[in-house]
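One structure is given here, and the rest of the page talks about it.
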Amino acid sequence: MTEPLSNIVRPLTLETPAEHPFAEFVRILGKGKRGARGLSREEARAAMTLLLEGKVEDTQLGAFLMLLRHKEESAEELAGFTEALRAHLQAPAIAVDLDWPSYAGKKRHLPWYLLAVKCLAASGVRILMHGGGAHTAGRLYTEQLLELLAIPLCRDWATVGQALDTQQLAFFPLQDWAPQLQRMIDLRNTLGLRSPIHSLARVLNPLAARCGLQSIFHPGYQAVHREASRLLGDHALVIKGDGGEIEVNPDVTSHLYGAAAGEAWDEEWPALSAQRHVKPTSLQPQHLLAVWRGEAEDSYGELAVVATMALALRGLGQGREQAFAQARAYWRARNPSI
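In terms of this note's numbering, the sequence shown is numbered consecutively and its last residue is 568.
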């Protein structure tokens, strides 16, 4: 007869157990008000390498993510994390003009950026989109509209290359190329807070696109992301996009945070509308199709589409006026069939 576990006497611990290799990084972040500090770029790279290799306990992962979240991630940490991911990923050489992360979802306006993406791609701009799934209730995500808008869903790098060659556009879910990061994002509803991985995913630019576009909604983070991209030597353009997606809100002034050739630059774009548009009472994805086909008009949506295309073209090196003129021409010349 097996003895009940409650009656089993465990031996005393007489030798100090070896410390887990990842414990160092949790300690750096969590060692009290006076002892805690941020990670250096090298420490961040080492920590993320262990995470990507699956050498971290779940308790350590949760503590690490929430300590970072509470502290707020630095540019050096984001750069180090990104370097680790790129080294681990070893992505193939596929030419891309724009890296377009889409992780926030929309809740107040339709995702007009998707029409901007389609119009740019139809005009010859090669775009890689990636996202982390529908992780927050009440939002409309890119993944939910891929079929409706005929955006190619790719599940491996070979298919990404084929889609870019034939349609200049590919959507590659994070779960298929960085499942470890997807798992961390999915902890959002377990931990009750977003983790720094939501921010990190926007910096990754896995195919070293000519320009990485980023949208950061929370004030103060835009400059941090721009600095992370600058440290990495990336060409990047960061804005506070509508709802956290890469979409210019035509009703407000937009601040552009750019990085190119190791230098930072800034630019202000004025609002495009004299007064704010009324937000829709509900989000109807079919309305996107109707506007694309010319069957319906939407002042806010069409301004957002043109301005978002202009933003992308600005990131690719065009001046503001030239970018807007080109964007308007692309929109007028679009093929209404989808």
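Even for Gly, the Cβ is constructed at its ideal location relative to N, Cα and C. This structure is a prediction, so every number in the text was calculated from the model and none was measured.
Between the stretch 484-492 and the stretch 456-476 there are three or more C-beta pairs closer than 8 Å, enough to call the two in contact. Straight across, the Cα-Cα distance linking L546 with G354 is about 13 Å. Rounded to whole angstroms, the gap between the alpha carbons of V347 and P331 is 12 Å. Contact check for T389 against A380 fails: the beta carbons are separated by 9 Å or more. Contact between L315 and A408 holds, with the beta-carbon distance rounding to 6 Å and staying under 8 Å. Cβ contact annotation for A309 (same chain, cutoff 6 Å, sequence separation greater than five): R271, A458, L461, L462, in chain order. Take A277, set aside five residues on each side of it, and the residues of its chain with a beta-carbon closer than 6 Å to its own are F255, in chain order. Judged by DSSP secondary structure, F401 falls within the beta strand (DSSP E) whose first and last residues are 399-401. By the Cβ test, the stretch 296-304 is in contact with the stretch 420-428, since at least three Cβ pairs between them sit closer than 8 Å.
Going by DSSP, V535 is part of the alpha helix (DSSP H) stretching over 529-545. DSSP lists L370 as the beta-bridge partner residues of K336.
Across the set C441, H507, P251, the C-alpha of H507 shows the shortest separation from the C-alpha of P480. In this structure, L345 and Y560 do not form a Cβ contact; the two beta carbons are roughly 11 Å apart against a cut-off of 8 Å.
Using a Cβ distance threshold of 9 Å, V433 and H455 count as a contacting pair. With respect to the 9 Å criterion, L513 and L378 are not classified as neighbours on the basis of their beta carbons.
Counting only the Cα atoms, G284 lies some 31 Å from I476. In this structure, the CA atom of L411 is about 27 Å from the CA atom of D395.
In the DSSP annotation of this structure, H300 is not part of any beta strand (DSSP E); the continuous alpha helix (DSSP H) holding it starts and ends at 288-301.
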